[in-house]
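Asks: My structure is below; once you've seen it, I'll send some questions.
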Amino acid sequence: EDAAAALIAALSSPNVRTATSAAYALENFVGNADVVVALTKALDRPDLQIAAARGLAGHGVDATGAVDKLVGMLQSAERRAQSAAIFTLTRIGPPAKSALPALAAMLATANNKYERNSIANAIWTIDPEYAQESKIRRQ
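Each number in the numbering used here corresponds to the 1-based position in the sequence shown with 412 added.
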């Protein structure tokens, strides 16, 4: 509890390295709702967004409240932000169904094999029936 609270406080640090390290470390505090709330809020901070998304990935379905912000990250011009969002949406799984239209649109314009595989895997993990109906090839 004390460690989680200290790391949550570190998310507010103006030192990007400190805040980023805290976000990654918070992935390990599964089952702590305060951690999920803090990481979800950290998605609003551009310099911390990628680390916060990766930190949320370890929380799986408990991070469902972050889905809308993660979908917003899919629109980022930064590939690393998109990748972090896709990874975390995959880890959230079926509760991330609202991300399917954005993921399908990304898949249609993906320009490399890694990107297509990652997006297709996310869609299959979130909703296999949707993936099958949409004729998305399992990668």
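C-beta atoms are modelled at their ideal positions from N, C-alpha and C, and glycine is treated no differently. Everything numeric in this text was worked out from a predicted model, so none of it was measured.
Taking C-beta to C-beta, are Asn442 and Gly470 nearer than 8 Å?
Replies: For the purposes of this step, residue 442 is identified with residue 30 of the sequence shown, where counting begins at 1. For the purposes of this step, residue 470 is identified with residue 58 of the sequence shown, where counting begins at 1. Going by the sequence as given, residue 442 is Val instead of Asn. Taking 8 Å as the Cβ cut-off, Val442 and Gly470 qualify as a contacting pair.
Asks: If you follow the alpha helix (DSSP H) that Asn533 is in, where does it begin and where does it stop?
Replies: Counted from its first residue, the sequence shown places residue 533 at position 121. Run containing Asn533: Lys525 to Ile538, per the alpha helix (DSSP H) assignment.
Asks: Write down the C-beta distance between Pro513 and Asp539 rounded to the nearest angstrom, noting that I regard them as a contact closer than 8 Å.
Replies: The residue you call residue 513 lines up with position 101 of the sequence shown. The residue you call residue 539 lines up with position 127 of the sequence shown. No, Pro513 and Asp539 are not in contact; Cβ-Cβ is about 11 Å, not under 8 Å.
Asks: What is the DSSP secondary structure of Phe441, reduced to helix, strand or coil?
Replies: Here residue 441 is taken as the residue at index 29 of the sequence shown, counted from 1. Residue state, collapsed to three classes: coil.
Asks: Cutting at 6 Å between CB atoms, please list the residues of its own chain near Lys481, excluding the five before and the five after it.
Replies: Here the question's residue 481 lines up with position 69 in the sequence shown. Only Leu455 meet the Cβ criterion.
Asks: If you run the structure through DSSP and keep just helix, strand and coil, what is Pro458?
Replies: In the sequence shown, the residue the question calls residue 458 occupies position 46. In the three-state scheme derived from DSSP, where H, G and I count as helix and E and B as strand, Pro458 is classed as coil.
Asks: Thinking C-alpha only, which one of Val473, Ile498, Leu515 and Ala418 is nearest Ala372?
Replies: The structure shown does not extend to residue 372, since the chain is modelled only from 413 through 551, so no value can be given for it.
Asks: Give me, in chain order, the residues of the same chain whose beta-carbon lies closer than 7 Å to that of Asn537; leave out the 5 immediate sequence neighbours on both sides.
Replies: Indexing the sequence shown from 1 puts residue 537 at position 125. Per the sequence shown, residue 537 should be read as Thr rather than Asn. Here the set comprises Thr502 and Gly505.
Asks: What distance in whole Å lies between the Cβ atoms of Thr432 and Leu468, which are believed to be in contact at a cut-off of 8 Å?
Replies: In the sequence shown, residue 468 corresponds to position 56, counting from 1. In the sequence shown, residue 432 corresponds to position 20, counting from 1. In fact, because the Cβ distance is near 14 Å, the residues do not count as touching under 8 Å.
Asks: Which residue's Cα is closest to the Cα of Thr500: Val428, Arg549, Thr452 and Ala520?
Replies: Taking the sequence shown and counting its residues from 1, one reaches residue 500 at position 88. For Thr500, the nearest C-alpha among the options comes from Thr452.
Asks: Do Ile462 and Ala496 have their CB atoms nearer than 8 Å?
Replies: Taking the first residue of the sequence shown as position 1, residue 462 is located at position 50. Taking the first residue of the sequence shown as position 1, residue 496 is located at position 84. Yes, these two residues count as a Cβ contact at 8 Å.
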